[in-house]
Amino acid sequence: MRTDLLGLTADSLAALTNRGLVKRAGKEAAPELRTDADGTVHGSFSDGPTATLPPGGLDVARCTCGATGVCRHVIGVILAYQRLPAEAAPEPPPWSPGQVTDDELSAKIGARLMAAARRTERTGFTARVRRATSNDPVPQVELATATVRFLVPGDLGFVHTDTVAGSRDDVIALAVWAFRVADELHPGVPEVRVDVGGEVETGTGSGLERALGLAGTVLREGAAHLGQGLEATIADVQRHLDAAGLRWPLLAVGDLAEQLASYRDRSSHYRPELLASHVAELHARHRAATRPDATLRSSVLGTAEAAETPLRRARLESLGCRIRGLGDQRIAEVYLAHSDSAMVLVLRRQWDGDDDGAALARRRIATSTLASLATGNLVTESAVRSASRTVRLATGRISKTTVSPSRGDWGGLPPSLVVTDFAALSRELDALTLRPIRPRVEAELVRAVAVARVEAVTYAPGDQRLDAVVVDQAGNTATVRATHTGAVPGRLDSLAAVLAGEEGELRFVSGVVGRTAGGVVIEPVGLAVGGRVVVPDLQPAGGSGRLMVAEGDRHEPLTTALIDTRGLLAEVAHHGLSHLLPTYDDRLAAAAQRLTVLGLHRIAQAVTAFAATRTHDSDEAVEQAWVDAYLRLDVALDLN
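Structural data, given as structure tokens:
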């Protein structure tokens, strides 16, 4: 009995091939079957072709029809075999992918990829393990670079990953080892996050020493006093980080270099707070990776990430779009939910000019308009995913991308991407690793949020901000918050119209979720209303103007004090420690006193300690004191 063929469901076959091929095979006349003693199944079709399925998976199947890869005849033989009457078999014992041996893995993926998997294991990696359930009988593992699904118990010939076949088959070994750790430490838990390997380190350092030297130069001299001669140093640091596979620090250095270039070009993209945050982040990752009780190096440094991963035939469901204006440039970011990997990817395009969102909606990306991509479903065989979860469509195969309108049925997305309980979302946000050492994943906190009703909509004219209180099925509340900018003049009008019920029944709000003053806040990028998707940033200006003005709209004093003090510390990255004015220490003392009065004693102590080191200690001690103070402020603002 070929239990592997009997265990394949229609969904499993569709994952291994495509759904259209499975449907077509189901309409074919049933072949005449025979089975060899070794289990090989032969199927002869009336129109001539004969398909042969030896044990070992679809990759070893053959057909005389001449088609490349798996054809409809192979699928037809499997469907016909499943319809044969079979003797009643006893219920198989529970199976875990962790039971697969390393010898079986080597036979499946080969010695070269097995060695690559071992290198990743030695560095360490993080995985989310999902065991089989009655609702989803397929065990799976979410890795940094791929999602691996074990479609048939005990048979590596029927393992599905969302990467191009053969390009990253080492992830199969990583998934098996993740299940082993889960079976040992968390037996029976349906879903669990595990850290695998990482015991053997190549040295005592983090690998960021050159990057920290660059950060120190920026702090000592400041953006205002650095010339173009630093570009060679930046390029050397980036080459070193890239060769070492330190993806998250590499991205941080790239952003730091972009801020320095923006200052030299007098670009409006330059922000001293951003420059300072990138400097502090490099130190935070170094500290986290070198502590004795450190978080796993791979999650802090991104060592388990491939620079790029080609995807198999992927279905991507758009959650909306955000438009940002930077001087005379416009940046569009389309958020695409990839159900197979349970993550949101970002498709980014940039144009010169001052067009607003409605004009950009007509701009073409590949064969579609921005509006179509932002409100549609994509099926593509040309997607390539980066380590930071941006996605590009390979130009050589762009004809294999199709777009169809979306109805906004986001409830069918993986549970990790859909929010139905605001209280549970709040707990999830509380449990997040601190931002300076989290993986640098784009759209990490983009979710589709189910809305039961809209309670109130108000407008704060001073901030040009719209706030709407929305309620979930359990009665918990969250705030949908959007701010007007010149690049998207229709954002607030269209959002207000949907929230007021003028466009139909609001079912979901997609956007970036976060917390402010203890409450859940959603920055919207898309709305599922009626049977369509509305993207506020792509709508033209114009509306009823019937918005209730918020009363007593004031900035919270704690937040204001934290923002002001962070801006004061960010001046170090702008002017440089060697070029600060004598009055700077007095301003630090006043800021520390203000924080103390508000009860933020530890942050105030860190600011005071930084001021003290400036007159008595070495440059390195001063830099470390600045990092201590800035990280405390940055984290406090994130948690506030």
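Under my numbering, read the sequence shown as residues 608 to 1247, first letter to last.
All residues carry an ideal CB built from backbone N, CA and C; glycine is no exception.
No experiment lies behind these values; they were computed from the predicted model shown.
So, for Ser1101: in the same chain, excluding its five sequence neighbours on each side, which residues have a beta-carbon less than 8 angstroms away from its beta-carbon?
Listed in chain order, the non-local C-beta contacts of Ser1101 below 8 angstroms within the same chain comprise Val1141, Pro1143, Gln1146, Gly1150, local neighbours out to five positions each way being set aside.
Measure from the alpha carbon of Val803 to the alpha carbon of each residue in Leu1187, Pro638, Glu728, Gly927, then state which is nearest.
The shortest C-alpha separation from Val803 is found at Glu728.
If I measure Cβ to Cβ from Val783 and keep anything under 8 angstroms in the same chain, skipping five residues before and after, which residues do I get?
Closer than 8 angstroms at the Cβ level, and outside the excluded window around Val783, lie Pro704, Gly705, Val707, Leu712.
What is the DSSP secondary structure of Ser995, reduced to helix, strand or coil?
In the structure shown, Ser995 sits in coil (DSSP, three-state: anything other than H, G, I, E or B).
Going along the chain, which residues of its own chain have a beta-carbon closer than 6 angstroms to the beta-carbon of Asp862, five neighbours each way excluded?
Close CB contacts of Asp862 within its chain, under the 6 angstroms cut and outside five residues either way in sequence, are with His885 (chain order).
Would you be able to state if there are at least three C-beta pairs under 8 angstroms between the segment 778 to 798 and the segment 741 to 755?
Because the criterion of three Cβ pairs below 8 angstroms is met, the segment 741 to 755 and the segment 778 to 798 touch.
In terms of alpha-carbon separation, which member of Leu889, Thr1027, Arg1047 lies closest to Leu952?
Nearest C-alpha to Leu952: Arg1047.
For Met721, tell me which candidate among Cys678, Leu781, Ala965 has the shortest Cα-Cα distance.
With distances taken between Cα atoms, Met721 lies closest to Leu781.
For Val802, does the three-state DSSP call read helix, strand or coil?
It is worth fixing the name first, because residue 802 is Asp in this sequence and not Val. Per DSSP, reduced to three states, the secondary structure at Asp802 is strand.
Whole-angstrom Cβ separation of Leu903 and Glu924, contact assumed at under 8 angstroms?
With 8 angstroms as the limit, Leu903 and Glu924 do not qualify as a contact, their Cβ atoms being about 31 angstroms apart.
Note down, in chain order, each residue of its chain lying with its Cβ closer than 7 angstroms to the Cβ of Asp600, except the 5 sequence neighbours on either side.
Residue coverage of the chain in this structure runs from 608 to 1247, which leaves residue 600 outside it and unanswerable.
Sort out for me which residues DSSP pairs Gly1118 with in a bridge.
DSSP output for Gly1118 lists Arg1054, Pro1131 as bridge partner(s).
Between Leu926 and Ala1135, what straight-line distance do the alpha-carbon atoms span, to the nearest angstrom?
A direct Cα-to-Cα measurement between Leu926 and Ala1135 gives close to 9 angstroms.
Report, in whole angstroms, the separation of the C-beta atoms of Val1248 and Phe1217, which I expect to be a contact under 8 angstroms.
The chain is shown only over 608 to 1247; residue 1248 falls outside these bounds and no answer can be derived.
Can you name the residues that DSSP bridges to Gly983?
Its beta-bridge partners are Pro1012.
On the DSSP letters alone, give me the boundaries of the alpha helix (DSSP H) that Val788 sits inside.
Annotation for Val788: the continuous alpha helix (DSSP H) segment containing it runs 777 to 792.
In terms of residues, what are the limits of the beta strand (DSSP E) holding Phe732?
Its beta strand (DSSP E) spans residues 732 to 737.
Terminal residues of the alpha helix (DSSP H) in which Ile1170 lies:
Under the DSSP assignment, Ile1170 falls in the alpha helix (DSSP H) whose first and last residues are 1164 to 1182.
Measuring alpha carbon to alpha carbon, tell me which residue in Val1242, Thr1009, Gly633 is nearest Gln689.
Ranking Val1242, Thr1009, Gly633 by CA distance to the CA of Gln689 puts Gly633 first.
Assigned secondary structure, Met721 (DSSP; H/G/I helix, E/B strand, else coil):
Secondary structure of Met721 (DSSP, three-state): helix.
Could you pull the DSSP bridge partners for Ile938 from this structure?
Note: Ile938 sits in a beta bridge opposite Arg931, Gln957.
Alpha carbon to alpha carbon, how far is Arg827 from Ala1243?
Between Arg827 and Ala1243, the C-alpha separation is close to 25 angstroms.
Taking 8 angstroms as the threshold (C-beta atoms), are Ala1148 and Gly1093 in contact?
It is not a contact, given that the beta carbons lie outside the stated cut-off.
Could you say if the segment 1170 to 1177 and the segment 1229 to 1243 meet the contact criterion of at least three C-beta pairs nearer than 8 angstroms?
Touching, yes, given that three or more Cβ pairs across the two stretches are closer than 8 angstroms.
Report the residue from Pro794, Glu1112, Ala1198 whose alpha carbon sits nearest the alpha carbon of Leu1176.
Of Pro794, Glu1112, Ala1198, the smallest CA-CA separation from Leu1176 is found for Ala1198.
Report yes if the CB atom of Val736 is closer than 8 angstroms to the CB atom of Asp611, and no otherwise.
Going by beta carbons, Val736 and Asp611 fall outside the 8 angstroms limit.
With 8 angstroms set as the bound, which would you pick, yes or no: does the beta-carbon of Pro899 sit closer than that to a beta-carbon of chain D?
Here there is only one protein chain, and chain D is not present.
Complete beta strand (DSSP E) runs within the segment 856 to 933 (minimum length 3 residues, chain order):
Counting whole runs of 3 or more residues, the segment 856 to 933 contains the beta strand (DSSP E) stretches 915 to 917, 921 to 933.
Candidates Pro1043, Leu1039, Arg956, Ala968, of which the one nearest Leu1000 by Cα:
When each option's Cα is compared against that of Leu1000, the closest is Arg956.
Can you tell which of Gly964, Val748, Leu623, Pro917 has the C-alpha that lies nearest to the C-alpha of Gly932?
Measuring from the Cα of Gly932, the nearest candidate turns out to be Gly964.
Contact the segment 844 to 859 vs the segment 905 to 913: 3+ CB pairs below 8 angstroms
With a cut-off of 8 angstroms, the segment 905 to 913 and the segment 844 to 859 count as touching, because enough Cβ pairs lie within range.
Considering only C-alpha positions, which residue in the set Glu1130, Gly614, Leu750 is nearest to Phe732?
Ranking Glu1130, Gly614, Leu750 by Cα distance to Phe732 puts Leu750 first.
With DSSP run on the structure shown, which of helix, strand or coil describes Leu1238?
Of the three classes helix, strand and coil, the one that applies to Leu1238 here is helix, per DSSP.
Do Arg1201 and Ala1236 have their CB atoms nearer than 8 angstroms?
Using a Cβ distance threshold of 8 angstroms, Arg1201 and Ala1236 do not count as a contacting pair.
Can you list, in chain order, the residues of its chain whose CB lies under 6 angstroms from that of Arg790, leaving out five sequence neighbours each side?
One point to set straight first is that residue 790 is Asp, not Arg, in the sequence displayed. Closer than 6 angstroms at Cβ, skipping near neighbours: Ser703, Gly705.
Rounded to whole angstroms, what's the CA-CA distance from Glu1062 to Asp1016? Just pull it up for me.
About 23 angstroms.
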